[in-house]
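Protein chains in written order, with our numbering: chain A, 428 to 579; chain B, 428 to 579.
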DNA sequence: GCACACTCGACCTAAAAAGTCGAGAAAGTC
DNA sequence: GACTTTCTCGACTTTTTAGGTCGAGTGTGC
């Protein structure tokens, strides 16, 4: 139940692209320095985002990366899935395919519920939301709870 | 964003202990076979659960493992934390301690919201709930959504 | 005292995560 | 058309985690 560096980097780079607007391409190096990500690792991540159709790129002078879709139409879930695959898998299997023996039968439903709740955040927040700093109200409601900020 | 085999095993073993009741200790081997978990790996897990005070054990004939607290007072979150540490860390750091540069500032709030939502499931469900098969209504509400079952 | 079953450190392998290198190919500039 | 820039991408390295095994030891009950 942890978020990998790769996923975190991917979202941050995508936000940076979103912030740059539809204008001209942003160079990998600028993304790397502005978000403090190792350049060559970032290039791999951007390549994956490109392969998933989230990002486009051009080489050469005036080259760089840009979002393939408007920032308001790209969710955080899209970016995370592009680099990590399905969200909230259990033992690398989607929870709905797992058969639990006897007493643990209901455990599957718990993992399903967890996944649903993760999705309800990641699929609601778009890159445009992140750039503007205004998250959807359902998400703000969660961060408003003081309890959400307690380490545990 | 995945659930490790270890966490899954730990919860299943704990459920099995919960189902056994307060009576006599359950042998490691019985837990291993009933939930189909490699015995020696399971023993490590049970040892961790013991170190965290969730489980007690006795050696020798008539030995075995049992829950240190009533099943209704042990949540799935307790078990997962015992073997995996804090839930929903980003790059091994608790999200509230992370500083994001410039445009990515709000990303921290997203991870906080995700963690809050995961907790709201795992901290609500107890081992007793799992044994009885009746999950809290807030969790059942999530699994009732057909969308929750769709792979993505 | 003997068998049973947990204790626990040491070890192991495979895979994933995280990061690096370097050759090459497209795009623009002069 | 040479040159520079910047992405492309396979190969490789390193570190960490996941997942699992072994075996000597130790407490317990009979």
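Every residue, glycine too, gets a C-beta built ideally from N, C-alpha and C.
Minimum Cβ-Cβ distance from residue i to chain A less than 8 Å
i, result
"residue 479 (chain B)", "no"
"residue 566 (chain B)", "yes"
"residue 570 (chain B)", "yes"
"residue 446 (chain B)", "yes"
"residue 557 (chain B)", "yes"
Chain B residues whose Cβ lies nearer than 7 Å to that of residue i
i, result
"residue 467 (chain A)", "Those do not exist, as residue 467 (chain A) stays about 18 Å from chain B at its closest Cβ, beyond 7 Å."
Below-8 Å beta-carbon distance, residue i vs any chain B residue
i, result
"residue 560 (chain A)", "yes"
"residue 442 (chain A)", "yes"
"residue 503 (chain A)", "yes"
Closest Cα partner of residue i within the set the options
i, options, result
"residue 530 (chain B)", "A:440, A:432 and A:434", "A:440"
"residue 578 (chain B)", "A:573, A:520, A:554 and A:552", "A:520"
"residue 572 (chain B)", "A:574, A:503 and A:542", "A:542"
"residue 432 (chain A)", "B:522, B:544 and B:574", "B:522"
"residue 509 (chain B)", "B:525, B:476 and B:536", "B:476"
"residue 514 (chain B)", "A:447, A:438 and A:576", "A:576"
"residue 459 (chain B)", "B:435, B:496 and B:552", "B:435"
"residue 467 (chain B)", "B:479, B:437 and B:449", "B:437"
"residue 558 (chain A)", "B:524, B:535 and B:449", "B:535"
"residue 489 (chain B)", "B:471, B:457, B:569 and B:430", "B:457"
"residue 447 (chain B)", "B:497, B:562, B:533 and B:516", "B:497"
"residue 462 (chain A)", "B:479, B:449, B:526 and B:469", "B:526"
"residue 570 (chain A)", "B:552, B:506, B:569 and B:544", "B:544"
"residue 512 (chain B)", "B:478, B:450, B:553 and B:552", "B:478"
Proximal chain A residues relative to residue i, where beta-carbon distance stays under 7 Å
i, result
"residue 529 (chain B)", "461"
"residue 435 (chain B)", "517 and 518"
"residue 514 (chain B)", "428"
"residue 521 (chain B)", "578"
"residue 432 (chain B)", "518"
"residue 538 (chain B)", "430"
Presumed contact (8 Å Cβ cut-off) between residue i and residue j, rounded CB distance
i, j, result
"residue 540 (chain B)", "residue 548 (chain A)", "5 Å"
"residue 492 (chain A)", "residue 452 (chain A)", "6 Å"
"residue 444 (chain B)", "residue 455 (chain B)", "About 11 Å separates the two Cβ atoms, so there is no contact after all."
"residue 483 (chain A)", "residue 495 (chain A)", "5 Å"
"residue 504 (chain A)", "residue 555 (chain A)", "Residue 504 (chain A) to residue 555 (chain A), Cβ: 14 Å. No contact."
"residue 538 (chain B)", "residue 430 (chain A)", "6 Å"
Cross-chain neighbours of residue i in chain A, by beta carbon under 9 Å
i, result
"residue 439 (chain B)", "527, 528, 530, 531 and 534"
"residue 507 (chain B)", "428"
Residue i: contacting residues in chain A (beta-carbon distance under 8 Å)
i, result
"residue 482 (chain B)", "In chain order: nothing, as chain A lies at least about 16 Å away."
9 Å Cβ cut-off: residues of chain B touching residue i
i, result
"residue 511 (chain A)", "428 and 429"
Return the residues of the stretch 540-552 of chain B that lie within a Cβ-Cβ distance of less than 8 Å from chain A, sorted by chain order.
540, 541, 542, 543, 544, 545, 546, 547, 548, 549 and 552
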